[in-house]
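Numbering-wise (the numbering used here), the sequence shown opens with residue 156 and increments by one.
Where a beta carbon is used, it is the ideal one built from N, C-alpha and C, also for glycine.
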Amino acid sequence: VLRNEIQEVPLRKVTIALIKEKVARFHGITLKELEGQRRDHRLTVPRQIAMYLACDLTNASLPQIAREFGKKDHTTVMYARNKVKDQLERDPEFRSKLKSVVGTISQDG
Numbered sequence: 156v157l158r159n160e161i162q163e164v165p166l167r168k169v170t171i172a173l174i175k176e177k178v179a180r181f182h183g184i185t186l187k188e189l190e191g192q193r194r195d196h197r198l199t200v201p202r203q204i205a206m207y208l209a210c211d212l213t214n215a216s217l218p219q220i221a222r223e224f225g226k227k228d229h230t231t232v233m234y235a236r237n238k239v240k241d242q243l244e245r246d247p248e249f250r251s252k253l254k255s256v257v258g259t260i261s262q263d264g
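Here you go:
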């Protein structure tokens, strides 16, 4: 969804590790918290955003993304992707925030 709007993010240079680092920093959480299993809202939303961006900005498969986040099943990534996509369509403020995150990724990508 965002790849079409944000052309300055080169697909081949963006890694899942970079996405995780930038999303964690943007949301004021540690990489360990982002990759962890805790389910409080403060952590799940950034984790879902990072999974969504990994789907949108890399060529990684759903199982690869799941492994990068310590998940056993690719359906977790599918759920995160769909949840973020739905929120992007409904919430302009969320969309703006996500564009800001992508902007930080494009600076290093």
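Proximal residues to residue i (C-beta, below 6 Å), its chain only, five neighbours per side dropped
i, result
"residue 182", "201"
"residue 188", "198"
Chain C within 7 Å of residue i, Cβ atoms only
i, result
"residue 227", "As a matter of chain content, chain C is missing from the structure shown, which is built from one protein chain."
Distance CB(residue i)-CB(residue j) smaller than 7 Å
i, j, result
"residue 204", "residue 178", "yes"
"residue 232", "residue 217", "yes"
"residue 213", "residue 169", "yes"
"residue 190", "residue 225", "yes"
Expected contact under 8 Å - CB spacing of residue i and residue j to nearest Å
i, j, result
"residue 235", "residue 171", "Contact doesn't hold; Cβ gap of about 13 Å is too wide."
Same chain only: Cβ atoms within 8 Å of residue i, ignoring 5 sequence neighbours per side
i, result
"residue 185", "179"
Close beta carbons around residue i, own chain, < 7 Å, minus the five adjacent residues each side
i, result
"residue 228", "221"
"residue 250", "243"
Give the list of continuous beta strand (DSSP E) stretches no shorter than 3 residues that lie fully inside the stretch 211 to 261.
Inside the stretch 211 to 261, DSSP marks no whole beta strand (DSSP E) run of 3 or more residues.
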